[in-house]
Amino acid sequence: MPFCPQIEEDMNKLYSVPFLFALLVLVVSAVPAQSEQAPVPTPPPPADRIDSSEPLSELLASRLENLPREFAISREEREEAYAKLLEGQRYLWSMRRMRSTNPGVRVGARMAKNALQRAVEINPKLAEGYTALAELSLTAPPQDLEEAISLSKIAVGLDPDNFGGYRFLGRLYTIKSNLGRGRVNDDSAASAIDAWKQIVRLDPRNAEAWAFLSEFYDYTEQEEERITALRNWLSSAAPVDQGFYGRVMRDQGELTPETAALKLGEALLDLGRYEQALEILTRAVSEDPSNLEAADMLGEALENVSAASMSPVIEALRQAVFANPENLSLNRLLATTLARSGDLEDGAKVLENASLQSAVQDKKASSEYLVSLGDLLADAGRSSRALDAYTRALRVRGIGSGLIRDAEDREFAISVVSKKIDAHKRAENYEAGLKAINEARSMFGESDVSLDKELVSLYREKGDREAALARLRSARERVPGDYSLIRTEASLLTDMGRVEEGVSLVRALINAKPADVSPSIMYDDFVNYVFISSLYNQAGDSRRSIEAATNAFSEARGEERKQIAILTLASAQQSSGDYQSAEKNLREVLSGSPDNPIALNNLGYLFLESGKNFEEALELIQKAVKTDPKNPSYLDSLGWAYFKLGKFDLAEAKLRKALRYDPVSPTILEHLGDVLKAKGDVNGAVSVWQKALRLANGSGDAERIRGKIGR
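Residue numbers (our numbering): 67 to 777.
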């Protein structure tokens with residue numbers, strides 16, 4: 067049943083159908099609804115003791131205020147009031163068992179109201195009577211949330227230990243706060259916190275109260291209080307009544323210790339307390355090896371702790387794998403953890419054994435284990451063994467040199483071949499990479515440009531840009547409508563110092579659209595102006611980059627696109643040396659979207675480049691990396707932040723990780739060289755700088771890198 071318009075207006079139209087359900091959860095027990103033939107109580111005579119035109123709560127509050135100071139009631143009156151309370155509660159219980167359309171609901175509501183009203187008339191200080199009236203105001207039509215709050219306040223005012231009253235207040239203010247559904251109302255959130263705190267005072271192991279407190283503390287940025295609330299939730303038993311939490315928080319898990327563990331682990335990771343997160347998440351994975359979310363977060367924690375902390379985790383993961391030998395994620399996590407602890411061979415053995423055990427019954431799983439083995443070995447610099455694992459993965463899957471027709475096998479083969487080529491590139495064995503590409507051509511057919519893109523990437527990394535350009539243009543002749551090829555050619559031309567040629571390819575998509583073109587990213591003016599701005603920025607032409615970013619903003623429709631345009635403009639301003647304008651624009655984006663990873667990363671990097679706020683820069687960049695942990699630009703910024711802070715080992719680790727995802731970035735390579743030199747590895751620094759020089763985009767970058775090599 068919909069709420070009355072006055073409530074909807076007061077609540078800024080928060081009460082849609084889901085909120086009606088949430089309210090009903092407050093008062094409807096787990097007793098299943100009975101049939102429509104439930105007996106209908108005989109209606110009582112109308113209650114005339116209190117004028118129904120005025121809110122009951124106001125009249126009752128007024129009566130309480132006017133009670134004489136020496137007010138007292140006899141034992142008989144107490145007993146009569148309590149009897150009426152029980153009578154009213156029986157009617158409430160009976161109403162819960164009926165469907166809302168049953169005419170007995172309205173009759174029961176009148177009888178409950180008469181009984182409860184009489185109870186508080188006889189004993190105005192009977193707190194439970196006001197709590198029951200609050201429940202009735204939500205059960206009987208028209209449901210009145212504000213009246214329920216007022217009556218609950220009277221109850222807790224009379225009895226500071228009235229659990230039911232505080233529970234109503236906690237739940238009702240949680241609904242009013244709009245928690246879990248958008249912009250939170252600060253006043254209602256504060257009232258909800260106060261009420262839930264009273265609940266945990268009365269019941270220190272109340273999971274619902276701790277769960278909601280943790281959410282409100284997260285919103286109000288009270289981090290220590292949030293951690294405490296989550297720990298208390300974790301140690302609380304799961305309640306039978308979980309409906310209200312589920313309605314409010316929707317897809318954020320159930321009101322269980324398992325959900326608490328995930329949220330606590332995530333909160334600890336957010337605060338950089340990796341050792342504590344490790345303890346919580348290891349236990350979570352041990353208790354439920356199928357919990358992939360916990361396993362993923364455990365992997366993140368493991369990346370940030372010392373090898374000495376990994377022994378208990380390894381033991382827990384071994385037990386989990388033993389109980390779930392077919393769980394690919396757990397096997398990968400165990401293997402990776404062993405490798406990080408310094409035992410690469412044991413980690414490789416885990417994946418080898420898993421592949422062998424699944425080879426007979428599930429060849430696809432067996433091939434996936436071999437791909438994971440290849441990744442593990444490639445990350446450890448064991449290129450030849452990684453290549454062998456990738457080759458075996460294709461063979462186990464039944465993929466040979468012939469044309470692949472199955473779509474799933476085709477996607478798998480493209481991924482594995484790409485990994486093989488990357489392994490050759492890491493080893494700087496470009497001829498072997500070319501051979502691998504040529505050998506794989508028969509698998510995909512002439513119309514597929516996947517291998518052409520791999521070949522272009524290989525030539526670019528090798529430093530042979532002319533060969534890369536020739537291959538690109540050949541592929542574009544075969545597939546002229548491939549937008550990614552157009553963008554790659556434009557970027558390559560810019561690398562070669564021919565930015566206007568590159569820009570002209572993209573401008574043609576803006577200025578010469580076909581008349582009957584359907585909407586697509588290829589002919590999206592906003593997308594193309596953003597790309598043009600990045601090309602000019604790449605070429606060091608800040609003026610034209612700013613001009614194109616301004617054009618992008620003019621074409622932007624919607625808040626998200628406007629933010630992207632502002633970010634593009636800020637990047638151009640930063641490159642021009644206008645740090646003040648860039649910072650202003652980045653902070654503007656973050657004011658409306660505080661978790662925007664691009665803005666977080668770019669503002670952090672701006673601080674590093676302008677020589678200020680290094681600690682704040684680190685925090686900003688860490689938040690960006692958390693959102694997108696494989697983004698090479700963010701990882702480069704993180705490594706550079708550690709370098710600026712003098713943490714050279716961490717800087718090197720993050721920069722090498724960034725190179726795994728973008729091995730042809732001259733910026734990442736130059737930064738890595740700077741780190742190696744700072745650590746005293748001059749020969750290593752020169753080697754890396756030489757590679758950066760081959761890939762440098764402009765004369766200014768090249769001169770700077772040459773200067774470092776010559777020093």
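The beta-carbon is built from N, C-alpha and C at its ideal position, and this holds for glycine as well.
Checklist entry - How is the alpha helix (DSSP H) around V741 delimited, first residue to last? => result Where V741 is concerned, the enclosing alpha helix (DSSP H) stretches over P732 to A744.
Original post:
Taking C-alpha atoms, which residue in D225, K191, M161 and L224 lies nearest to S203?
Top reply: When only C-alpha atoms are compared, the closest one is M161.
- prompt: So, is L469 buried or exposed, given that buried needs 16 or more other C-beta atoms within 10 angstroms?
  reply: The Cβ neighbour count for L469, taken over all protein chains shown within 10 Å, is under 16; the residue is labelled exposed.
In this structure, how does DSSP classify V545 when only helix, strand and coil are distinguished?
Annotated three-state conformation of V545 is coil, per DSSP.
Going by other Cβ atoms of all chains shown within 10 Å of its Cβ, with 16 needed for buried, is N697 buried or exposed?
When all chains shown are included, N697 counts as buried.
>> Can you give me the C-alpha to C-alpha distance between L759 and L500, rounded to a whole angstrom?
In response: Answer to the nearest angstrom: the Cα atoms are 23 angstroms apart.
Quiz item: Roughly how far, in whole angstroms, is the beta-carbon of L738 from the beta-carbon of L721, given that I think they are within contact range, below 8 angstroms?
Solution: Rounded to the nearest angstrom, the Cβ distance from L738 to L721 is 4 angstroms, consistent with a contact under 8 angstroms.
Separation of T693 from A185, as counted between CA atoms: Looking at the two C-alpha atoms, the distance is approximately 57 angstroms.
Taking the alpha helix (DSSP H) that K150 belongs to, which residues open and close that run? Residues R141 to R162.
Three-state secondary structure (DSSP) of N419:
Here N419 sits in helix by DSSP.
Residue from F714, G766, D428 and A762 whose Cα sits closest to the Cα of G746:
The shortest Cα separation from G746 among F714, G766, D428 and A762 belongs to F714.
Quick check: the Cα distance between R448 and S438, rounded to an integer number of angstroms?
R448 and S438: Cα-Cα distance of roughly 13 angstroms.
**Study point:** As assigned by DSSP and simplified to three states, the class of Q427
**Key:** The three-state reading of DSSP puts Q427 in coil, since its state is none of H, G, I, E or B.
Using the beta-carbon count (16 or more within 10 Å), is E736 buried or exposed?
Burial of E736 is indicated by the presence of at least 16 other C-beta atoms within 10 angstroms of its C-beta.
Indicate the three-state DSSP secondary structure (helix, strand or coil) for S372 in the structure shown. Look at S372 here: in three-state DSSP terms it is coil, with no helix or strand label.
#### Entry: Exposure of E287, with buried meaning 16 or more beta-carbon neighbours within 10 Å
The residue in question, E287, is exposed, as its Cβ has fewer than 16 Cβ neighbours within 10 Å.
For S377, does the count of other Cβ atoms within 10 angstroms reach 16, so buried, or fall short, so exposed?
Flag for S377 reads exposed.
CA-CA distance, A382 and R349? Approximately 8 angstroms between the Cα atoms of the pair.
- 8 angstroms Cβ cutoff met for F278 and G236: Cβ distance < 8 angstroms, so F278 and G236 count as in contact.
Q.
Quick check on R463: does DSSP put it in helix, strand or coil?
A. In the three-state DSSP reduction, R463 falls in the coil class, being neither helix nor strand.
Inset, instruction - Put K713 into one of helix, strand or coil per three-state DSSP. - result: Coil at K713, not helix or strand.
ask   = For V565, does the count of other Cβ atoms within 10 angstroms reach 16, so buried, or fall short, so exposed?
value = Around the Cβ of V565, a 10 Å sphere holds 16 or more other Cβ atoms; the residue is buried.
Can you check whether the CB of V522 is closer than 8 angstroms to the CB of A506? No, the pair does not count as a contact, with Cβ atoms beyond the cut-off.
- [ ] Would you kindly report the start and end of the unbroken alpha helix (DSSP H) that includes S254?
- [x] Looking at the DSSP string, the run of the alpha helix (DSSP H) that includes S254 is D252 to L268.
Worksheet item: Helix, strand or coil: which one does DSSP assign to R770?
Response: Here DSSP, grouped into helix, strand and coil, assigns R770 to helix.
Notebook entry, point to check: Closer than 8 angstroms, CB to CB, is A751 near chain D or not?
Noted result: Among the chains of the structure shown, chain D does not appear; only one protein chain is present.
Cβ separation of F845 and E621, assumed to be a contact under 8 angstroms, to the nearest whole Å = Nothing about residue 845 can be read from this structure; the chain reaches only from 67 to 777.
TODO: Using beta-carbon positions only, say whether R463 and D454 come within less than 8 angstroms of one another.
DONE: Result no, Cβ atoms of R463 and D454 do not sit closer than 8 angstroms.
Close-in-space but distant-in-sequence residues of the same chain around P732 (CB under 6 angstroms, 5 per side omitted)
Residues of the same chain with a CB within less than 6 angstroms of the CB of P732, apart from the 5 flanking positions on each side, are A758, L761 and A762 in chain order.
message = I'd like the ranges of any alpha helix (DSSP H) spanning at least 4 consecutive residues and lying wholly in the segment 580-661.
response = Secondary structure remark: continuous alpha helix (DSSP H) runs of at least 4 residues inside the segment 580-661, in chain order: 591-605, 608-621, 625-642 and 645-658.
* Asked: Should the segment 136-143 be called in touch with the segment 219-236, which here means at least 3 C-beta pairs below 8 angstroms?
  -> The segment 136-143 makes no contact with the segment 219-236; the number of CB pairs closer than 8 angstroms stays below 3.
Can you grab the Cα-Cα spacing for the pair P105 / M177, in whole Å?
Any reading at P105 needs caution, since the residue's pLDDT is 43, under 50, leaving its predicted position unreliable; the model's value is listed next. Each residue's alpha carbon lies about 14 angstroms from the other.
Touch check for the segment 309-324 and the segment 231-247: three-plus C-beta pairs under 8 angstroms?
Yes: at least three Cβ pairs fall under 8 angstroms.
query = Taking the Cβ atom as the reference point for each residue, do L417 and L399 lie within a distance shorter than 8 angstroms?
reply = Against a cut-off of 8 angstroms, the Cβ pair of L399 and L417 comes out as no contact.
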